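S.K.: Residue numbers (full-length UniProt numbering), protein chains in the order written: chain A, 1 to 151; chain B, 1 to 172. Can you keep this structure in mind? I'll have questions shortly.
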Amino acid sequence: MLKKGSIAPDFELKATPDQNIKLKDFLGKNVILAFYPADWSPVCSDQMALYNEMLKYFTKHNAQIFGVSVDSSWCHLAFQQDRKLHFPLLADFEPKGEISKAYGVYDEEAGESKRALFVIDKEGKIAWSYLSPKGINPGADGILDALEELK
Amino acid sequence: MSTLKPIVSKIDHIQGSDNASIEIVEYGDYECPACGDAYPILKEIEETFGHQIKFVFRNFPLQKAHQFAFEAAVCAEAAGLQNKFWEMHDALYENQYRIAEGIFEELAESIDLDLEKFKLDMDSSAVKDKIEKDFESGVRSGVNGTPSFYVNQAKFDGGVADLYQMLKESSE
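Written out as structure tokens, the structure is:
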């Protein structure tokens, strides 16, 4: 898993079936990457629901959050609409798990991303990272502490 | 290990004895089904352990997931300004299945609140600030869903049934 101080590997992933997100377009802004195993599973849903409530806190810290899993953009779209999520979910779908692997948070056995959080600073460097046990929703206190330290 | 920030103080809603050895803090949402399920079990815990337990409720409304969660929290806090926080808290959970537009005044009437004052307090920015502060304290304390429990300031990783079990075992 990539640690504090590493350059965050760039990526281009689908946020919707016809829109791509490039990490390097967000230089100058803080970025939160929340890798999670799968859409629809109960723990992740709670985790994403929590981040959904916290968008105004992230905005206050000039931060953009992205969820990342190996689900396809169509699956993300349905999940997002069902849970009324107001932030992008990125599809690490083809080649499967490529970006999760680049960040060192791919679970080869399950074929899913691990549950991991990264805070990336305005220069594109990893400022904080955290790997959560699979069944445990890591909450958001670590993210906020990391964002505060960036000031 | 996540811990409660800030610790319980006079601005909190506290039920039970000041000298209790076990302090349970719940971060909850009045429209969250899991919190609704936890409500009767928490009552049972309070009955079983009596004066050993101090119970505190803090607001953690998931506004984007639950349409009336914030308004329900405002409603309980507004009742609190007439010293009837817990009556409203109980009424909200007991009527969770029918929480919708218009129910708040009906509940206010059912617990004999001064309705004029209640309506004014429902619009009060101080009440809304209190709820926002509760939410923020929850995030800081590592709340990761509702309900989340803290026992003597330490985050309890489990549901209300696990909490009950743990208390039973530790009292044996």
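Quick reminder that beta carbons are idealized off the backbone N, C-alpha and C, glycines included. Bear in mind that the values here come from a model prediction, so they are computed numbers and not experimental data.
Report the partner residues of residue 56 of chain B according to the DSSP bridge assignment.
M.R.: Bridge partners of residue 56 of chain B: B/14, B/25.
S.K.: Between the Cα of residue 90 of chain B and the Cα atoms of B/102, B/73, B/101, which residue gives the shortest distance?
M.R.: Ranking the options by Cα distance to residue 90 of chain B, first place goes to B/73.
S.K.: Could you tell me the alpha carbon to alpha carbon distance between residue 41 of chain A and residue 67 of chain A, rounded to whole angstroms?
M.R.: The alpha-carbon atoms of residue 41 of chain A and residue 67 of chain A are separated by roughly 14 Å.
S.K.: Keeping to the same chain, check which residues put their C-beta closer than 8 Å to that of residue 135 of chain A; ignore five residues upstream and five downstream.
M.R.: Only 43 meet the Cβ criterion.
S.K.: Starting from the C-beta of residue 146 of chain A, find all residues in its chain whose C-beta is less than 7 Å away, skip the five residues before and the five after it, and write them out in chain order.
M.R.: Counting only Cβ-Cβ distances below 7 Å, and skipping sequence neighbours, we find 119, 127, 128.
S.K.: Between residue 76 of chain A and residue 55 of chain A, which are expected to be in contact by the criterion C-beta below 8 Å, what is the C-beta distance as a whole number of angstroms?
M.R.: About 17 Å separates the two Cβ atoms, so there is no contact after all.
S.K.: Can you give me the C-alpha to C-alpha distance between residue 133 of chain A and residue 115 of chain A, rounded to a whole angstrom?
M.R.: Whole-angstrom Cα-Cα distance: 7 Å.
S.K.: Any idea which residues DSSP pairs residue 3 of chain B with across the strands?
M.R.: B/154, per the DSSP bridge assignment.
S.K.: Would you mind telling me which residues of chain B sit closer than 8 Å to residue 144 of chain A, beta carbon to beta carbon, in chain order?
M.R.: Per Cβ cutoff of 8 Å: 139, 140.
S.K.: Return the chain-ordered ranges of every alpha helix (DSSP H) run that is complete within the segment 50-124 of chain B and spans a minimum of 4 residues.
M.R.: Counting whole runs of 4 or more residues, the segment 50-124 of chain B contains the alpha helix (DSSP H) stretches 69-80, 85-94, 103-110, 115-122.
S.K.: Whose C-alpha, out of B/151, B/160, B/165, is nearest the C-alpha of residue 21 of chain B?
M.R.: For residue 21 of chain B, the nearest C-alpha among the options comes from B/151.
S.K.: At 3 residues or longer, what runs of the beta strand (DSSP E) sit wholly inside the UniProt domain "Thioredoxin" (2-151) of chain A?
M.R.: As far as the UniProt domain "Thioredoxin" (2-151) of chain A is concerned, its whole beta strand (DSSP E) runs of at least 3 residues are 12-16, 19-22, 30-35, 63-69, 89-91, 116-120, 126-131.
S.K.: So if I threshold CB-CB distances at 9 Å, which residues from the segment 123-142 of chain A count as touching chain B?
M.R.: Those would be 136, 137, 138, 139, 140, 141, 142, in chain order.
S.K.: At what residues does the alpha helix (DSSP H) containing residue 170 of chain B begin and finish?
M.R.: It spans 160-171 - the alpha helix (DSSP H) in which residue 170 of chain B sits, taken as one unbroken run.
S.K.: Assuming contact is defined by CB atoms lying nearer than 8 Å, are residue 69 of chain A and residue 95 of chain A in contact in what I supplied?
M.R.: Contact flag unset, no.
S.K.: Chain B partners of residue 84 of chain A, CB-CB under 9 Å?
M.R.: 64, 65, listed in chain order.
S.K.: Would you mind working out which of B/52, B/105, B/95, B/56 sits nearest residue 75 of chain B, comparing C-alpha positions?
M.R.: Measuring from the Cα of residue 75 of chain B, the nearest candidate turns out to be B/105.
S.K.: Does DSSP put residue 137 of chain B in a helix, a strand or coil?
M.R.: Three-state DSSP puts residue 137 of chain B in a helix.
S.K.: Count the other CB atoms within 10 Å of the CB of residue 139 of chain A; is the residue buried (16 or more) or exposed (fewer)?
M.R.: When all chains shown are included, residue 139 of chain A counts as buried.
S.K.: To which residues of the same chain is residue 61 of chain A closer than 7 Å at the C-beta, ignoring the five residues directly before and after it?
M.R.: Excluding positions up to five away in sequence, the list reads 30, 147.
S.K.: For chain A, is any of its Cβ atoms less than 8 Å away from the one on residue 170 of chain B?
M.R.: Chain A, which has no Cβ nearer than 8 Å to the Cβ of residue 170 of chain B, makes this no.
S.K.: Does the structure place the segment 25-37 of chain B close enough to the segment 56-63 of chain B that three or more beta carbon pairs sit under 8 Å?
M.R.: Cβ pair count under 8 Å is three or more, so yes.
S.K.: Could one say the Cβ of residue 117 of chain A lies closer than 8 Å to chain B's Cβ atoms, at least one of them?
M.R.: Chain B contact via Cβ: absent.
S.K.: Are the CB atoms of residue 137 of chain A and residue 47 of chain A within a distance shorter than 8 Å?
M.R.: In this structure, residue 137 of chain A lies closer than 8 Å to residue 47 of chain A by Cβ.
S.K.: Expressed to the nearest angstrom, what Euclidean distance is found between the alpha-carbon atoms of residue 144 of chain B and residue 13 of chain B?
M.R.: So the alpha carbons of these two residues sit roughly 21 Å apart.
S.K.: At least one CB of chain A closer than 8 Å to the CB of residue 127 of chain B: is that the case?
M.R.: No, because no Cβ of chain A sits closer than 8 Å to the Cβ of residue 127 of chain B.
S.K.: Just to make sure I have the definition right: I need the residues of chain B whose C-beta is within less than 8 Å of the C-beta of residue 46 of chain A. Which are they?
M.R.: Here the neighbours are 144, 145.
S.K.: Output, in chain order, the set of chain B residues within a Cβ distance shorter than 7 Å of residue 53 of chain A.
M.R.: Going along chain B in sequence order, the residues near residue 53 of chain A (Cβ under 7 Å) are 62, 63, 64.
S.K.: Measuring CB atoms only, is the segment 132-141 of chain B touching the segment 60-69 of chain B, in the sense that at least three cross pairs come out at less than 8 Å?
M.R.: In short, these stretches touch, since the Cβ pair count reaches three.
S.K.: Could you confirm whether any beta carbon from chain A is found closer than 8 Å to the beta carbon of residue 9 of chain B?
M.R.: By this cut-off, residue 9 of chain B is not an interface position.
S.K.: Please confirm whether residue 73 of chain A and residue 102 of chain A have their CB atoms less than 8 Å apart.
M.R.: Cβ distance not < 8 Å, so residue 73 of chain A and residue 102 of chain A don't count as in contact.
S.K.: Would you please verify whether the beta carbon of residue 49 of chain A is less than 8 Å from any beta carbon of chain B?
M.R.: Yes - at least one Cβ of chain B is within 8 Å of the one on residue 49 of chain A.
S.K.: Return the chain-ordered list of same chain residues with a C-beta closer than 7 Å to the C-beta of residue 114 of chain B, the five sequence neighbours on each side being excluded.
M.R.: If we look at residue 114 of chain B and ignore the five residues flanking it on each side, its Cβ neighbours are 82.
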